[in-house]
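Those letters in the sequence shown? Residues 5 to 102, per this note's numbering, in order.
C-beta atoms are modelled at their ideal positions from N, C-alpha and C, and glycine is treated no differently.
Small disclaimer: the values here were computed from a predicted structure and weren't measured.
Since the structure comes first, as structure tokens, the remarks are kept for the end.
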Amino acid sequence: MAVSTKASSIEKVIPLTAHEKVTMLRAYECSCYQITSFMLRDEKLAVHAAKQILLKLYTHEEWFYMDEAARMAEVRHAALNYSLECRKKALVNALRNT
């Protein structure tokens, strides 16, 4: 059986500091909020959703080493999925209460 000699996607790089991570995330904050706001149509929920998404991305080390287009795609994907899950939960709760 052959052993893969493929290098990992993150090759011995200097880890980013918390400040550097936050600075990078801030560049995507507005886009993330715009998507959640459009999808949820509720400012409080949209702010909460955007915060949760950005916090999750903060712990996703690989995200910081993606190219800009891939990071934006990941933000869009996360924002859409989180928003859809919020809407689904709201609908389920509304149906239970009727």
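Asked: Whose C-alpha, out of Ala50, Ile57 and Arg100, is nearest the C-alpha of Ser41?; Found: Ala50
Asked: Restricting to Cα atoms, I'd like to know which of Ala31, Val17, Glu33 and Leu44 is closest to Lys93.; Found: Leu44
Asked: Drop a sphere of 10 angstroms on the beta-carbon of Ile18, count the other beta-carbons inside from all chains shown, and report buried for 16 or more, exposed for fewer.; Found: exposed
Asked: Beta-carbon separation of Lys16 and Tyr62 under 8 Å?; Found: no
Asked: In whole angstroms, what separates the C-alpha of Glu78 from that of Ala54?; Found: 13 Å
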